[in-house]
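Quick note on numbering: the numbering used here labels position 200 of the sequence shown as 200, and the sequence is numbered without any gaps.
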Amino acid sequence: MKKTLFFLVSALFIFLLFWGGPGSFSSRSMAHAWNLGHVACFAFWVHGLSTMAWFRRAGFAKQLLLATIFSVTMGGAIEVLQGYTHRDPDLFDVGRDLGGGLVALAWVAPRHGKWTMSGRLGLRACGLFLLGICVLPLAGALLDETMARWQFPLLADFENPLELTRWKGDAQFTLDADQAASGRRSLKVSLAPGRYSGIALRYFPGNWLGFTALRFSVFNPAGQPLRLTCRIHDQLHEKAAQEFRDRFNRTLVIAPGWNDISIPLREVAAAPKGRTMDLARLRQVGIFASRLPEPRAIYLDSVRLVR
Numbered sequence: 001m002k003k004t005l006f007f008l009v010s011a012l013f014i015f016l017l018f019w020g021g022p023g024s025f026s027s028r029s030m031a032h033a034w035n036l037g038h039v040a041c042f043a044f045w046v047h048g049l050s051t052m053a054w055f056r057r058a059g060f061a062k063q064l065l066l067a068t069i070f071s072v073t074m075g076g077a078i079e080v081l082q083g084y085t086h087r088d089p090d091l092f093d094v095g096r097d098l099g100g101g102l103v104a105l106a107w108v109a110p111r112h113g114k115w116t117m118s119g120r121l122g123l124r125a126c127g128l129f130l131l132g133i134c135v136l137p138l139a140g141a142l143l144d145e146t147m148a149r150w151q152f153p154l155l156a157d158f159e160n161p162l163e164l165t166r167w168k169g170d171a172q173f174t175l176d177a178d179q180a181a182s183g184r185r186s187l188k189v190s191l192a193p194g195r196y197s198g199i200a201l202r203y204f205p206g207n208w209l210g211f212t213a214l215r216f217s218v219f220n221p222a223g224q225p226l227r228l229t230c231r232i233h234d235q236l237h238e239k240a241a242q243e244f245r246d247r248f249n250r251t252l253v254i255a256p257g258w259n260d261i262s263i264p265l266r267e268v269a270a271a272p273k274g275r276t277m278d279l280a281r282l283r284q285v286g287i288f289a290s291r292l293p294e295p296r297a298i299y300l301d302s303v304r305l306v307r
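Structure follows, in structure tokens:
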């Protein structure tokens, strides 16, 4: 009965490793929660490994080596095979696999062999510490999602480091205290030469119904104006071919110093050709430069909606 249950649960884990999971419109917390399945799966498998007599007879050092080899080898093989099922291999998943295996080992190893009370408690404390590291991304995402809902209609003011996780892009960006339109910090964005360089707000409350404009402040530290593009699109745009004419694009000329930008949402809604943008399901706000001949920097602050 125990063997049957083990194989049934293992089959379920294998199925979930290759099929299902959060979609492209899922929240960060959902994606991180799903990733914890790797931890649970390999904790379950290493726990099963620990029930074998030959494994129990081995010393802890050998058990640690075996659990590590199993988790890394099996986890790596799964990531390679996932590449054949239109899923992206992820080395961090192998790290989660190893974390799950070691958490299980830390919990079950003291049951066998001669362990002192302090040794058992110390090893299990290490296991809990590893588990905490695995859960940390989910906790951070839940905290920032809660904070984003509480801040709304403020989308970002860069006073909290967690806000950085809302942004993606090929440009480097960091919190900076040298310039600020409001508060103490802004977001310094280092734009690189090339075809495109910029950042995008990816995680935010996407229902903007009832608001009239998107506003933000941009500081240009150079003595020459800088041309930027602001791009906004909705969920339907991501489901379709993502054509240029199916989203909002606006060229912004950023003069030296601080610039206060206001984009009417009625213009955003009317931007796609042949349809109205869904202001209840917005997905991304991008700010980028095109074909820069040399590196430039901007400072972004106080990204907000107004009624």
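Where a beta carbon is used, it is the ideal one built from N, C-alpha and C, also for glycine.
By the criterion of a C-beta distance shorter than 7 Å, residue 212 is surrounded in its chain by 264, 265, 306, 307, once the five residues flanking it on both sides are discounted.
Pairing residue 120 with residue 106 gives a Cβ-Cβ distance that is not under 7 Å. When DSSP reads this structure, residue 260 sits in a beta bridge with 217. DSSP lists no bridge partner for residue 160. The alpha-carbon separation between residue 282 and residue 172 amounts to approximately 24 Å. With 16 or more neighbouring CB atoms inside 10 Å of its own CB, residue 45 falls in the buried class. By DSSP's assignment, residue 188 forms a beta bridge with 174, 299. Across the set 50, 168, 235, 174, the C-alpha of 174 shows the shortest separation from the C-alpha of residue 159.
Exposed is the label assigned to residue 242, since fewer than 16 other Cβ atoms lie within 10 Å of its Cβ. Within the DSSP bridge table, the entry for residue 249 names 231 as partners. The stretch 28-101 contains no complete beta strand (DSSP E) run of 3 or more residues.
Residue burial is scored here from C-beta neighbours: residue 86 has fewer than 16 other C-beta atoms within 10 angstroms and is therefore classed as exposed.
Residue environment for residue 203: buried (at least 16 other C-beta atoms within 10 angstroms of its C-beta). In the pairwise beta carbon analysis, the stretch 4-22 is classified as touching the stretch 38-52: at least three pairs are separated by under 8 Å.
In the DSSP annotation of this structure, the continuous segment of the beta strand (DSSP E) that includes residue 168 starts and ends at 167-169. Under DSSP, residue 284 takes part in a beta bridge, and its partners are 233. Cβ contact annotation for residue 58 (same chain, cutoff 8 Å, sequence separation greater than five): 66, in chain order. Residue 240 counts as exposed, since fewer than 16 other beta carbons sit within 10 angstroms of its beta carbon.
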